[in-house]
Structure formats: structure tokens, C-alpha cells
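Visitor: Just passing along the structure, written as C-alpha cells.
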Amino acid sequence: MNIPCPHCQRPITPGATTCPGCGTSLLRDATPGSAEPTCAYHPHRVSLAICDRCGSFACAECLRLNSRHEVVCQRCHALENDTPLPWDEREELGTFTAWWKTLVSVMLHPSVFSTARPHGGAGESLLFAALCTVPSCFMGGLSYMGILAAAPFLLPEEARSTGNIPVWVGPLMFVALMILGPLFSVAYTVIQAGLDHLVLRMGGVTRDYQVTLRANALSQAPWVLGAVPCIGPYVAPVWMMVARVHAYRGLHQTSWGVAVVGCLAVPLLSCCLCGGFYIFLFSMMSGLRGLN
Ligand SMILES: [Zn+2]
Ligand SMILES: [Zn+2]
Ligand SMILES: [Zn+2]
Numbered sequence: 112m113n114i115p116c117p118h119c120q121r122p123i124t125p126g127a128t129t130c131p132g133c134g135t136s137l138l139r140d141a142t143p144g145s146a147e148p149t150c151a152y153h154p155h156r157v158s159l160a161i162c163d164r165c166g167s168f169a170c171a172e173c174l175r176l177n178s179r180h181e182v183v184c185q186r187c188h189a190l191e192n193d194t195p196l197p198w199d200e201r202e203e204l205g206t207f208t209a210w211w212k213t214l215v216s217v218m219l220h221p222s223v224f225s226t227a228r229p230h231g232g233a234g235e236s237l238l239f240a241a242l243c244t245v246p247s248c249f250m251g252g253l254s255y256m257g258i259l260a261a262a263p264f265l266l267p268e269e270a271r272s273t274g275n276i277p278v279w280v281g282p283l284m285f286v287a288l289m290i291l292g293p294l295f296s297v298a299y300t301v302i303q304a305g306l307d308h309l310v311l312r313m314g315g316v317t318r319d320y321q322v323t324l325r326a327n328a329l330s331q332a333p334w335v336l337g338a339v340p341c342i343g344p345y346v347a348p349v350w351m352m353v354a355r356v357h358a359y360r361g362l363h364q365t366s367w368g369v370a371v372v373g374c375l376a377v378p379l380l381s382c383c384l385c386g387g388f389y390i391f392l393f394s395m396m397s398g399l400r401g402l403n
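What follows is the structure, encoded as C-alpha cells:
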């Protein structure tokens with residue numbers, strides 16, 4: 112079903128508050144005492160269409176297009192989008208199977224987020240993110256151990272006796288990486304989801320921080336590729352961003368635009384700030400050198 116703009120009759124997108132054709136605001140306040148039907152959720156607003164599922168009147172802001180291309184009200188839409196992810200069925204599947212199945216579906220079918228349950232415990236989300244870093248920490252730790260073990264044989268003979276590295280350094284590095292890697296990932300996820308949430312809020316998202324945290328954590332699935340030497344570190348971040356756009360869009364039920372900005376604004380801004388800082392440092396240094 113298409114909803115025409117009351118002003119220019121062009122079809123509008125459910126959920127849009129202005130007409131893409133003529134730019135007229137689709138939110139109109141009801142005249143007191145008039146017989147016009149009003150929105151079931153916003154009684155002060157004139158209704159724009161009727162929900163195809165429950166038949167209630169809804170204003171432009173409360174309309175959504177569902178997966179069956181029906182125009183529905185926000186309440187019916189929210190009820191539809193509640194499919195649990197394998198990660199939400201950990202008790203039945205077992206943690207490892209649930210993790211693995213979620214990993215595969217996030218990486219290969221990121222569109223699962225469009226019908227996925229938006230809410231999940233913060234601890235559960237962070238556990239998923241922490242598990243995703245384990246394979247690359249394991250590989251990283253192993254390669255450190257390998258390099259340290261091989262170092263005495265690679266050094267020229269005269270250097271071998273001096274600067275010997277104790278045998279326990281390799282295993283210690285391995286253990287440290289296996290513990291600190293997931294911990295660092297948890298801290299990073301909490302902070303990054305917080306910053307992304309501020310951006311999403313500015314884009315009009317109304318669901319709470321836990322939804323952003325869940326989306327951010329689940330979209331870290333491609334980090335398991337970090338364990339693949341050479342290709343992993345380059346492919347994983349790009350793949351993760353693609354998954355994250357889907358996650359923010361699906362779990363927050365927002366537009367592609369808001370989801371993309373929510374994903375990219377903070378990383379890009381921090382790159383610019385870091386870049387700016389380096390340029391500042393560099394000009395300071397050359398300035399100081401000029402003084403001498
Ligand atoms: Zn119009
Ligand atoms: Zn409805
Ligand atoms: Zn409404």
C-alpha cells in the first residue's frame with residue numbers, strides 16, 4: 112500500500128515526517144473539536160493512515176513499513192521485530208554454539224538485524240564482544256612466543272650471548288595477551304557504543320544505550336578474522352563496519368543514513384582529531400627547530 116502526500120499526492124515513505132516531493136511537514140496538529148481521526152499514540156495529531164495489522168490510526172511519525180511491505184503502526188512493528196538471535200538462546204544451544212551461530216549469521220547475513228530482538232543484557236553483549244577477540248589474541252600470543260623462541264637462532268653469533276631473553280617471557284606475553292585482549296575489548300566497546308549512541312540520539316533514535324551496546328558488540332563478529340594472518344587485520348574492520356550499519360539500522364529501526372553516520376562519525380572524527388594533533392605536534396617541532 113502506498114500513502115500519498117496530502118499536499119502533492121506523491122507517495123511518501125512510512126516513518127518520514129516530511130514529504131520527499133514537496134517538503135511539506137506530514138505532522139499536522141488536529142483542530143480542536145473537528146471530526147478528523149487522530150493518531151492513536153499522539154492524540155493531538157491528525158492521523159495519516161490506518162495500520163494494516165491492527166487498524167489503529169497513526170500519524171506520519173508512527174507509521175512503518177514491515178518486511179511484508181505493509182504499512183503498520185509502530186507498536187505492531189515493534190512486536191514483529193522480536194526474533195531472538197542464536198546468542199539469545201545460549202541456554203538451549205550452549206555458549207559456544209550460540210556464539211558460533213551468531214558469528215556466522217552476522218557475518219554472512221547481516222540483514223538478520225532487521226527483525227532481531229533489540230534488547231539484551233549488557234553483560235551478555237560484552238561477553239560476545241570479548242569472545243570475538245579471543246582467536247586473534249591467541250594467534251597474536253602464539254606468534255610472539257614463536258618470534259621470541261626463534262630470536263636466539265636468528266641473531267648473529269656474537270650477539271647471542273648478550274641480550275638473552277629469558278624463556279618465560281614468551282609464555283608470559285601469551286597469557287597477558289589472552290587476558291588483557293578481551294578486557295580491553297570490553298572497555299573499548301562500552302566507550303565506543305556510548306559515543307555512537309550520542310550520534311544516533313542526534314539522528315532521532317529513541318531506544319536506549321543498551322540497544323546500541325548490543326548492536327556494537329554483536330557487529331564485532333568479523334574480528335574473528337583478525338586471527339587470519341595478513342588478510343584479517345585489513346578485512347575485519349571493513350566487514351565489521353558493514354555489519355554495524357545493519358545492526359544500528361535494524362535494532363534501532365532507523366534509516367540507513369542515521370545508521371551510517373552513527374557508525375562512521377566517531378571513528379572519522381577521532382581520525383581527524385589524531386591527524387590534527389600530529390599536524391599540530393609536527394608544526395610545533397619544526398617551529399622549535401626554527402628557533403634554534
Ligand atoms: Zn508532498
Ligand atoms: Zn498496528
Ligand atoms: Zn503518532
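Here my numbering is used: the first residue of the sequence shown is 112, the next is one more, and so on.
No residue lacks a Cβ here, since even glycine has one placed at the ideal position from N, Cα and C.
With hydrogens ignored, establish whether the beta-carbon of residue 156 is closer than 7 Å to any heavy atom of ligand 3.
Guide: yes
Visitor: Report buried or exposed for residue 313, applying the criterion of at least 16 other Cβ atoms within 10 angstroms of its Cβ.
Guide: exposed
Visitor: Do the region 243-263 and the region 381-392 touch if we need at least three Cβ pairs shorter than 8 Å?
Guide: no
Visitor: Taking the DSSP output, what are the residues bridged to residue 140?
Guide: 156
Visitor: Rounded to whole angstroms, how far is the Cβ of residue 229 from the Cβ of residue 322, which I believe are closer than 8 Å?
Guide: 5 Å
Visitor: Just the Cα atoms here: how many angstroms apart are residue 210 and residue 201?
Guide: 8 Å
Visitor: May I ask you to report which of helix, strand or coil DSSP gives residue 114?
Guide: strand
Visitor: Cutting at 7 Å between CB atoms, please list the residues of its own chain near residue 176, excluding the five before and the five after it.
Guide: 125, 182
Visitor: Pull up the distance between the alpha-carbon of residue 138 and that of residue 367, whole angstroms please.
Guide: Each residue's Cα considered, the two are about 22 Å apart.
Visitor: From this set, 285, 120, 369, 115, which residue's C-alpha is nearest residue 307's C-alpha?
Guide: 369
Visitor: For residue 144, count neighbouring Cβ atoms within 10 angstroms of its own Cβ and tell me buried if that reaches 16, exposed if not.
Guide: exposed
Visitor: Please enumerate, following chain order, all residues with a beta carbon closer than 6 Å to at least one heavy atom belonging to ligand 1.
Guide: Residues flagged by the Cβ proximity filter: 116, 118, 119, 121, 130, 132, 133, 135.
Visitor: Tell me which residues share the same chain as residue 169 and place their Cβ nearer than 8 Å to its Cβ, disregarding the 5 neighbours each side in the sequence.
Guide: Residues 150, 151, 152, 158, 159, 160, 161, 162, 184, 185 of the same chain have their beta carbon placed closer than 8 Å to that of residue 169, with the five preceding and five following residues left out of the count.
Visitor: Which of the three DSSP states is assigned to residue 258 in this structure?
Guide: In the structure shown, residue 258 adopts helical secondary structure according to DSSP, grouped into three states.
Visitor: Considering only heavy atoms of ligand 4, does any lie closer than 7 Å to the CB of residue 150?
Guide: Absence of ligand 4 is noted for the structure shown, with ligand 1, ligand 2 and ligand 3 being the only ligands found.
Visitor: DSSP state of residue 122, grouped into three classes?
Guide: strand
Visitor: Pull up the distance between the alpha-carbon of residue 206 and that of residue 345, whole angstroms please.
Guide: 28 Å
Visitor: Is it a yes or a no for the region 295-303 touching the region 215-229, going by three-plus beta-carbon pairs under 8 Å?
Guide: no
Visitor: Leaving out five residues on either side along the sequence, give the residues of the same chain with a beta carbon under 8 Å from the beta carbon of residue 237.
Guide: 297, 300, 301, 324, 328
Visitor: Note down, one range per segment and in chain order, each alpha helix (DSSP H) of at least 4 residues found wholly within the region 183-265.
Guide: Listed in chain order, they are 185-191, 201-204, 206-219, 233-265.
Visitor: Apart from the five residues on each side of it in sequence, which residues of its chain come closer than 7 Å, Cβ to Cβ, to residue 318?
Guide: 229, 363
Visitor: Flag this pair as yes or no: are the beta carbons of residue 332 and residue 196 separated by less than 8 Å?
Guide: no
Visitor: For ligand 3, any of its heavy atoms closer than 7 Å to the Cβ of residue 173?
Guide: yes
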